[in-house]
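Remarks on the structure that follows.
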Ligand code: AMP
Ligand code: MG
C-alpha cells in the first residue's frame, strides 16, 4: 500500500518526523523538486537512500536544515557564509562549507568529503517537517539516480514508492528546478551547479562569482556533476529550430515547429521562470517511445536559462 499523506493533513509532519527518527525514509516537497529524506546522522538510513535511488556512493547528498542556527552546528560559517545565508535562506541556494569539528552528519552522506552541502528550504511543508524533526535531513531528489527529477508527488516512480515509508504530497513544486550549488570553501565564491538562484542574483549581492568549469578541470570538486543526469529515455536534440515529423518538439517562446509529431511550449511568452517550472514536467510528457527523439528549442543562456541549459545538456549526453 502506498503511504501517501497530503501535507495539509493534520499531524503529517509529526508522522514524517517520527518515521525519520526511526530510521525510515520520507519523500517530501521543497520549492525546487521532491526530496527523498533520511536522518542525516543515521548511517543506515542514509545508506538506504543511496540504495533505493541507486545513487553512486561518491555523489554526496545535500543536507537540509530548518534554519541558519541549526546549519551553524554542522559547518564552519565565516562572515561571508553568514551574509550569504542571511540573504538567500530560506531558499533554493545550497552552500558548500567546511565540515564543523563536531558535525554529526554521517560521513557517508557527504561521500567522505571534508565539506558539507547545506540548504534551508523555504517551502512551508519542508520547513514544517524540518522544524518538527529539528535535525539534519539528507535529501537528494526523489528519483532513480540520473533520471528526470520529480516536481509533483505523482512523478515519484513506483520503484521508489515501494521502498519509501511515507510520501508527503504538497502539490507541484513552486520552482521545479534544483538549487544552485555555491562553493564557499574557496577565496572567491564559485558556482558548482547552476540552479534556481540565477548567477545574476548572486553577482548582485556578492560581486564577482566564478563558475566552476567541470570539463576542463581535473580536480573533481562536486562529485556527481560530470555524468549524464536528468536523462530521458528518448534522445534529446538541443538548439533545434525545427523538428522532424517523427519528433516531439519542446518549444520556447516564438520558436515552435509545425512539423513535429507533438509540440509543447515551455513558455509561450518566453518567460524563463515558467520554462524552469515546466521543464521536467514536459520532458516527462514527451519522453515516449512513439517519438524518435525530443527536439528542444534554443533557450537563452541567461538567468534561469543557464540552469535549464545545464539540465538539458546533461540529459542529452549519450549513455
Ligand atoms: P542532488 O541531491 O542530486 O540535487 O545533488 C546534489 C549536488 O550537490 C550534487 O551534484 C553533489 O555533487 C553536490 N554536492 C553535495 N555535497 C557536496 C560537497 N560537499 N561538495 C561539493 N558538491 C557537493
Ligand atoms: Mg537529483
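Numbering (the working numbering), first residue to last: 13 to 331. All residues carry an ideal CB built from backbone N, CA and C; glycine is no exception.
Original post:
Under 8 Å between the Cβ atoms of residue 74 and residue 151?
Top reply: Looking up residue 74 in the chain shown gives position 62. Looking up residue 151 in the chain shown gives position 139. Yes, these two residues count as a Cβ contact at 8 Å.
Original post:
Starting from residue 51 and walking both ways along the beta strand (DSSP E), at which residues does that stretch end?
Top reply: Residue 51 sits at position 39 when you count from the first residue of the chain shown. Per DSSP, residue 51 belongs to the beta strand (DSSP E) from 47-51.
Original post:
Less than 8 Å separating the beta-carbons of residue 245 and residue 166?
Top reply: For the purposes of this step, residue 245 is taken as the residue at position 233 of the chain shown. For the purposes of this step, residue 166 is taken as the residue at position 154 of the chain shown. Not closer than 8 Å, so no.
**OP:** Look at the Cβ atom of residue 291, then the Cβ atom of residue 320, and state whether they are nearer than 8 Å.
**Re:** Here residue 291 refers to the residue found at position 279 when the chain shown is read from its first residue. Here residue 320 refers to the residue found at position 308 when the chain shown is read from its first residue. Result yes, Cβ atoms of residue 291 and residue 320 sit closer than 8 Å.
Original post:
Which first and last residues belong to the alpha helix (DSSP H) in which residue 224 is found?
Top reply: The count along the chain shown starts at 1 and reaches residue 224 at position 212. Unbroken run through residue 224: none, as it is neither H nor E.
Original post:
With 16 other CB atoms within 10 Å as the buried threshold, where does residue 42 fall?
Top reply: Counting from 1 along the chain shown, the entry for residue 42 is found at position 30. The residue is buried, with at least 16 neighbouring Cβ atoms inside 10 Å.
Original post:
Where residue 198 and residue 60 are concerned, what is the direct C-alpha to C-alpha distance, given to the nearest angstrom?
Top reply: Position 186 of the chain shown holds residue 198. Position 48 of the chain shown holds residue 60. Straight-line Cα distance between these residues: approximately 32 Å.
Original post:
If we count the other Cβ atoms within 10 Å of its Cβ and call it buried at 16 or more, is residue 92 buried or exposed?
Top reply: To locate residue 92, count along the chain shown from 1; it is residue 80. Classification of residue 92: exposed, given that the 10 Å Cβ count is below 16.
**OP:** Just the C-alpha distance for residue 322 and residue 329, rounded to the nearest angstrom, thanks.
**Re:** The count along the chain shown starts at 1 and reaches residue 322 at position 310. The count along the chain shown starts at 1 and reaches residue 329 at position 317. In a straight line, the C-alpha of residue 322 is about 11 Å away from that of residue 329.
Subject >> Rounded separation between residue 215 and residue 221 - CA only >> reply: The residue you call residue 215 lines up with position 203 of the chain shown. The residue you call residue 221 lines up with position 209 of the chain shown. The alpha-carbon atoms of residue 215 and residue 221 are separated by roughly 6 Å.
**OP:** Say yes only if the C-beta of residue 161 is nearer than 7 Å to one or more non-hydrogen atoms of the ligand MG, and no if none qualify.
**Re:** Your numbering for residue 161 matches position 149 in the chain shown. Residue 161: yes, Cβ under 7 Å from the ligand MG.
**OP:** Find the nearest neighbour of residue 47 within the set 69, 243, 194, 182, judged by alpha-carbon distance.
**Re:** Along the chain shown, read from residue 1 onward, the residue named residue 47 stands at position 35. That would be 182, whose Cα lies nearest to the Cα of residue 47.
Subject >> Residue from 95, 99, 186, 287 whose Cα sits closest to the Cα of residue 136 >> reply: In the chain shown, counting from the first residue as 1, residue 136 sits at position 124. Comparing Cα-Cα distances from residue 136 to each of 95, 99, 186, 287, the minimum goes to 186.
Original post:
Do you know offhand how far residue 301's Cα is from residue 247's?
Top reply: The sequence position of residue 301 within the chain shown is 289, counting from 1. The sequence position of residue 247 within the chain shown is 235, counting from 1. Each residue's Cα considered, the two are about 10 Å apart.
**OP:** Would you list the one or two residues that DSSP bridges to residue 305?
**Re:** For the purposes of this step, residue 305 is identified with residue 293 of the chain shown, where counting begins at 1. Residue 305 is bridged to 259.
Original post:
To which residues of the same chain is residue 307 closer than 6 Å at the C-beta, ignoring the five residues directly before and after it?
Top reply: Position 295 of the chain shown, counted from the first residue, corresponds to residue 307. Correct list, in chain order: 249, 252, 255, 259, 261.
Original post:
Contact between the stretch 87-104 and the stretch 122-133: three or more CB pairs below 8 Å?
Top reply: yes
Original post:
Got a sec? Which residues, its chain only, sit under 7 Å from residue 109 by beta carbon, not counting five neighbours each side?
Top reply: For the purposes of this step, residue 109 is taken as the residue at position 97 of the chain shown. Excluding sequence neighbours, residue 109 sits near 87, 88, 89, 93, 127, 128, 130, 196, 197.
Original post:
Could you give the C-beta distance for residue 17 and residue 173, rounded to a whole number, given that I count them as a contact under 8 Å?
Top reply: Looking up residue 17 in the chain shown gives position 5. Looking up residue 173 in the chain shown gives position 161. That pair is no contact at about 13 Å.
Original post:
Hey, out of 270, 103, 175, whose CA is closest to residue 154's CA?
Top reply: Taking the chain shown and counting its residues from 1, one reaches residue 154 at position 142. Answer by Cα proximity: 175.
**OP:** Kindly indicate if chain B contains any beta-carbon less than 8 Å away from that of residue 223.
**Re:** Looking at the structure shown, chain B is missing, and only one protein chain is on hand.
Original post:
Looking at residue 269 and the ligand MG, is the gap between the Cβ and the nearest heavy atom below 7 Å?
Top reply: Here residue 269 refers to the residue found at position 257 of the chain shown. It does not: the Cβ of residue 269 is nowhere closer than 7 Å to a heavy atom of the ligand MG.
Original post:
Sorted by chain position, which residues of the same chain lie with C-beta nearer than 6 Å to residue 313's C-beta, five sequence neighbours on each side aside?
Top reply: Looking up residue 313 in the chain shown gives position 301. Within the same chain, residue 313 has close Cβ partners 321.
**OP:** Flag residue 153 as yes when its Cβ comes closer than 7 Å to any non-hydrogen atom of the ligand AMP, and as no otherwise.
**Re:** Mapped onto the chain shown, residue 153 falls at position 141. Yes, the Cβ of residue 153 comes within 7 Å of a heavy atom of the ligand AMP.
Original post:
Would the beta-carbon of residue 223 fall within 8 Å of that of residue 208?
Top reply: The count along the chain shown starts at 1 and reaches residue 223 at position 211. The count along the chain shown starts at 1 and reaches residue 208 at position 196. No. Outside cutoff.
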